[in-house]
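Some notes on the structure that comes next.
In this note's numbering, the protein residues as written are 3 to 137.
The following block contains the structure:
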């Protein structure tokens, strides 16, 4: 039970940070994905030299890509725009990421449903008639 609770708290904290994060939605989505990757056990490597940045830029951006490394499947996620970094993880980390992403997606859906219900609970008839004559 405490493991599920920890995961739920982690997802909740990540959602809060994503809502507060500035920038356009694609940057917010990238930040959220990177937080989930880190939580799943992916290792982050900064592109701290011009050569690393060039190699990072040449990779597919903001997508998980499988690689065969010495007979083992590894996954990489390159982001040359937001963090200028590369996330690398094992199959096991990828599996954890998929689970966290599903939990996160479910949490977002539940939050949106709760917001919809809250908005629907407001009785608009209290405010009088609506129509083009009020514009």
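Glycine included, each C-beta is placed from N, C-alpha and C at the ideal position. Here the structure is a predicted model, which is why all the values come from computation and not from measurement.
(1) Any idea what DSSP makes of residue 52, helix, strand or coil?
(2) Could one say the Cβ of residue 41 lies closer than 8 Å to chain D's Cβ atoms, at least one of them?
(3) Taking the beta strand (DSSP E) that residue 67 falls in, what are its first and last residues?
(4) What does a CB cutoff of less than 8 Å around residue 141 pick up in its chain, not counting 5 residues either side in sequence?
(5) Classify residue 116: buried if its beta carbon has 16 or more other beta carbons within 10 angstroms, exposed otherwise.
(6) If we ignore side chains and look at the alpha-carbon of each, how far apart do residue 52 and residue 44 end up?
According to the structure shown:
(1) Position 50 of the chain shown, counted from the start, is the residue given in the question as residue 52. Three-state DSSP puts residue 52 in a helix.
(2) Looking at the structure shown, chain D is missing, and only one protein chain is on hand.
(3) Sequence index remark: in the chain shown, residue 67 carries index 65 (1-based). First-last of the beta strand (DSSP E) with residue 67: 66-71.
(4) With the chain covering only 3 through 137, there is no way to say anything about residue 141.
(5) As a working note, residue 116 is residue 114 in the chain shown. Residue 116 should be labelled exposed.
(6) Taking the first residue of the chain shown as 1, we reach residue 52 at position 50. Taking the first residue of the chain shown as 1, we reach residue 44 at position 42. Near 23 Å, if we compare the C-alpha coordinates of residue 44 and residue 52.
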